[in-house]
Each structure stands twice: as structure tokens, then as C-alpha cells.
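*Asks:* Quick one: the structure is below, questions incoming.
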Amino acid sequence: NAGVMQNPRHLVRRRGQEARLRCSPMKGHSHVYWYRQLPEEGLKFMVYLQKENIIDESGMPKERFSAEFPKEGPSILRIQQVVRGDSAAYFCASSPTDRLYTQYFGPGTRLTVL
Amino acid sequence: DAKTTQPPSMDCAEGRAANLPCNHSTISGNEYVYWYRQIHSQGPQYIIHGLKNNETNEMASLIITEDRKSSTLILPHATLRDTAVYYCIVRAGGFNKFYFGSGTKLNVKP
């Protein structure tokens, strides 16, 4: 059973461009979470999604950030018009419905904004 | 979610037990104690969790005080591969997001 997969692992964007981060949860997991980690800091919750639904987006910045988890395909975290402050590691995690207390994390996508 | 307090760093000799403390004096009755670790910027890894009883699995043991205001994660025989940042998190079971603080950087030395 493959773990949580994220791609790309490294992403470089110039200011003003768009960044799309993809997350494929573990097989059978229908709950996806996105976290952001700035250098030398702990992870900060961004958003929690189930298939086709956003359950909790209390950690998402109000502008430029959006997330989706379609019926088919990976979850996408989209950052429009990136700024240097968006440079961070973005981690995705997934949970099975019967064990919501356990979140399995992917390897992360490291976004660098030039 | 209750706030947790952990020492910023600890050292442990390889092969010895590593005891990582966590204070959570404002924990509520329905909040669980979770431990995760992050090895060198990889994705965090679940270790163990508990409500009020002590718990043990293949990775570690979790000791929760009777008043639940503090807990200790025990790695019985630390190896160099256990060098990581260890996060203690308290969270109500019905909510799904985790709040990661600064954690404890455990350095296992040969």
C-alpha cells in the first residue's frame, strides 16, 4: 500500500506566478489535510477536505489560496500570484474514516518563490 | 485545543531510554494526547496517542499522569535514527486538525 504521495517535491516559481501542489492520499483514505511549515517552525494547519467537500478551511489565508479534493484524482492546493512569503514546505496528510486520529503524512512539496 | 509545553531540545545516548516530557495543564476531559515526530524535514510520523491510560506500541510508550496535566513519551532503546523533532499535541477526538508547536529536538548520540 503506497503512502501519501505529493508532487512535485520541489517547485520554483517567480513572484506573481501560480503554484499547484498535488496530493494523492493513501488508498481507501477519503480525508485530506494540508499543512504549511515555514523554515524553523512547526506545521500550521491550512485546510481539511473530504471528497468534493471542504470541511474546515480556518487555516487558509483569505486570498490567493484555494484547495479542492475532487471525486476523481488528487487533492490540489493552488496558490495564485505567489509572493516570497509563500516559500515553505507544504505537507499533505490523509486519514481513513475509521481512524481519524491518525494522519499519514506525505513527503511534502518545497515551494521556493524567487 | 490545549496548549502544550515541551523542552526545546534533549540529548540521549544511543541504546538508552529517551524520556520526552510534555506539560498540558489546561487539557480538557475529552482531549487526547498525541505524539508525532518529524525526521529531518520529512513528513511527520504518528507515534502514539492516549486519553488517560498508559499506552504502548511497537515504537514507544506513553505515560500520562493521573491528573492528565503532563505526559512522557518513552523510546525504550533510542537509536541514531530516532534523532528528530518530537511533537506533543492535545486535541479533542471530534476535531481533525492538529496544532503543532515547536516540539523537542531529540539528539541521539553514539
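Protein sequences, first through last, are from chains Z and P. Start counting at 1 in the first sequence, then tack on 488, and there's your number in the working numbering. Start counting at 1 in the second sequence, then tack on 36, and there's your number in the working numbering. Beta carbons are placed, not taken as given, at the ideal position from N, Cα and C, and that holds for glycine.
Enumerate in chain order the residues of its own chain whose CB-to-CB distance from tyrosine 82 of chain P is below 7 Å, with the five nearest sequence positions on each side excluded.
*Replies:* Here residue 82 of chain P is taken as the residue at index 46 of the second sequence, counted from 1. Hits under 7 Å: Tyr72.
*Asks:* DSSP three-state call for arginine 566 of chain Z: helix, strand or coil?
*Replies:* Start at 1 with the first residue of the first sequence, and residue 566 of chain Z comes out as number 78. If DSSP states are grouped into helix, strand and coil, arginine 566 of chain Z belongs with the strands.
*Asks:* Would proline 43 of chain P and threonine 140 of chain P qualify as a contact pair, given that the criterion is a beta-carbon distance under 8 Å?
*Replies:* Within the second sequence, numbered from 1, the residue matching residue 43 of chain P stands at position 7. Within the second sequence, numbered from 1, the residue matching residue 140 of chain P stands at position 104. Yes, they are a contact pair.
*Asks:* So which residues on chain P does threonine 590 of chain Z lean against when the C-beta distance must stay under 7 Å?
*Replies:* Position 102 of the first sequence, counted from the first residue, corresponds to residue 590 of chain Z. Simply Tyr82.
*Asks:* By Cβ distance below 8 Å, which residues in the same chain neighbour alanine 53 of chain P in space, the five residues on each side in sequence not counted?
*Replies:* Here residue 53 of chain P corresponds to residue number 17 of the second sequence, with the count starting at 1. Once the five neighbours on either side are set aside, the close Cβ partners of alanine 53 of chain P are Ile110, Leu111, Pro112, His113 and Ala114.
*Asks:* Determine the chain P residues that contact alanine 577 of chain Z at a beta-carbon separation under 8 Å, and present them in chain order.
*Replies:* What you label residue 577 of chain Z is simply residue 89 of the first sequence in a count that begins at 1. Correct list: Ser77.
*Asks:* Interface residues of chain Z around histidine 153 of chain P at Cβ under 9 Å?
*Replies:* Chain P is shown only over 37 to 146; residue 153 of chain P falls outside these bounds and no answer can be derived.
*Asks:* Can you list, in chain order, the residues of its chain with a C-beta nearer than 7 Å to that of lysine 150 of chain P? Leave out the 5 residues immediately preceding and following it.
*Replies:* Lying before the first or after the last residue shown, residue 150 of chain P is absent from chain P, which here runs from 37 to 146.
*Asks:* Going straight from the alpha carbon of glycine 79 of chain P to that of leucine 531 of chain Z, what length do you get?
*Replies:* If you number the second sequence from 1, residue 79 of chain P lands on position 43. If you number the first sequence from 1, residue 531 of chain Z lands on position 43. Answer to the nearest angstrom: the Cα atoms are 10 Å apart.
*Asks:* For chain P, check one thing: does any of its Cβ atoms lie closer than 8 Å to the Cβ of leucine 526 of chain Z?
*Replies:* Translated into the one-based positions of the first sequence, residue 526 of chain Z becomes position 38. With 8 Å as the cut-off, leucine 526 of chain Z does not count as an interface residue toward chain P.
*Asks:* Please report the straight-line C-alpha distance between valine 520 of chain Z and tyrosine 578 of chain Z, rounded to a whole angstrom.
*Replies:* Residue mapping note: residue 520 of chain Z aligns to position 32 of the first sequence, counting from 1. Residue mapping note: residue 578 of chain Z aligns to position 90 of the first sequence, counting from 1. Distance between the alpha carbons of valine 520 of chain Z and tyrosine 578 of chain Z: 13 Å.
*Asks:* Beta-carbon of serine 138 of chain P versus every beta-carbon of chain Z: anything under 8 Å?
*Replies:* As a working mapping, residue 138 of chain P is identified with position 102 in the second sequence. At least one chain Z Cβ lies under 8 Å of serine 138 of chain P.
*Asks:* With serine 582 of chain Z and histidine 517 of chain Z assumed to form a contact (beta carbons below 8 Å), what rounded beta-carbon distance in angstroms separates them?
*Replies:* Counting from 1 along the first sequence, the entry for residue 582 of chain Z is found at position 94. Counting from 1 along the first sequence, the entry for residue 517 of chain Z is found at position 29. So it is a contact: roughly 4 Å between Cβ atoms.
*Asks:* Is any beta-carbon of chain Z found at less than 8 Å from that of asparagine 59 of chain P?
*Replies:* Counting from 1 along the second sequence, the entry for residue 59 of chain P is found at position 23. For asparagine 59 of chain P, the answer is no, since every Cβ of chain Z falls outside 8 Å of its Cβ.
*Asks:* Under 8 Å: do the stretch 563 to 574 of chain Z and the stretch 547 to 555 of chain Z share three or more Cβ pairs, one atom per stretch?
*Replies:* Enough Cβ pairs lie closer than 8 Å, so yes.
*Asks:* Count the other CB atoms, across all protein chains shown, that sit within 10 Å of the CB of lysine 39 of chain P; report buried if there are 16 or more and exposed otherwise.
*Replies:* For the purposes of this step, residue 39 of chain P is taken as the residue at position 3 of the second sequence. Looking at its Cβ environment, which holds fewer than 16 other Cβ atoms inside 10 Å, lysine 39 of chain P is exposed.
*Asks:* So if I threshold CB-CB distances at 8 Å, which residues from the stretch 526 to 545 of chain Z count as touching chain P?
*Replies:* Residues Glu529, Gly530, Leu531, Lys532, Phe533, Tyr536, Ile543 and Asp544.
*Asks:* Exposed or buried, which one is proline 558 of chain Z when buried takes at least 16 other CB atoms within 10 Å?
*Replies:* Within the first sequence, numbered from 1, the residue matching residue 558 of chain Z stands at position 70. With fewer than 16 Cβ atoms within 10 Å of its Cβ, proline 558 of chain Z is classed as exposed.
*Asks:* Excluding the 5 residues flanking methionine 493 of chain Z on each side, which residues of the same chain have their C-beta closer than 7 Å to its C-beta?
*Replies:* Residue numbering aside, residue 493 of chain Z sits at position 5 when the first sequence is read from its first letter. Around methionine 493 of chain Z: Ser512 and Gly594.
*Asks:* How many Å lie between serine 97 of chain P and asparagine 90 of chain P at the Cα?
*Replies:* If you number the second sequence from 1, residue 97 of chain P lands on position 61. If you number the second sequence from 1, residue 90 of chain P lands on position 54. The straight-line gap from Cα to Cα measures roughly 7 Å.
*Asks:* When the Cα of valine 126 of chain P is compared with those of P:Gly137, P:Glu94 and P:Cys48, which residue comes out closest?
*Replies:* To locate residue 126 of chain P, count along the second sequence from 1; it is residue 90. For valine 126 of chain P, the nearest C-alpha among the options comes from P:Gly137.
*Asks:* Quick one: grab the DSSP three-state call for threonine 600 of chain Z.
*Replies:* Counting from one through the first sequence, the residue named residue 600 of chain Z turns up at place 112. Note: threonine 600 of chain Z maps to strand in three-state DSSP.
*Asks:* Can you check whether the C-beta of tyrosine 68 of chain P is within less than 8 Å of a C-beta belonging to chain Z?
*Replies:* The residue you call residue 68 of chain P lines up with position 32 of the second sequence. Yes - at least one Cβ of chain Z is within 8 Å of the one on tyrosine 68 of chain P.
*Asks:* Which residues does DSSP pair with valine 520 of chain Z in a beta bridge?
*Replies:* Position 32 of the first sequence holds residue 520 of chain Z. Paired residue(s): Z:Leu537 and Z:Ser582.
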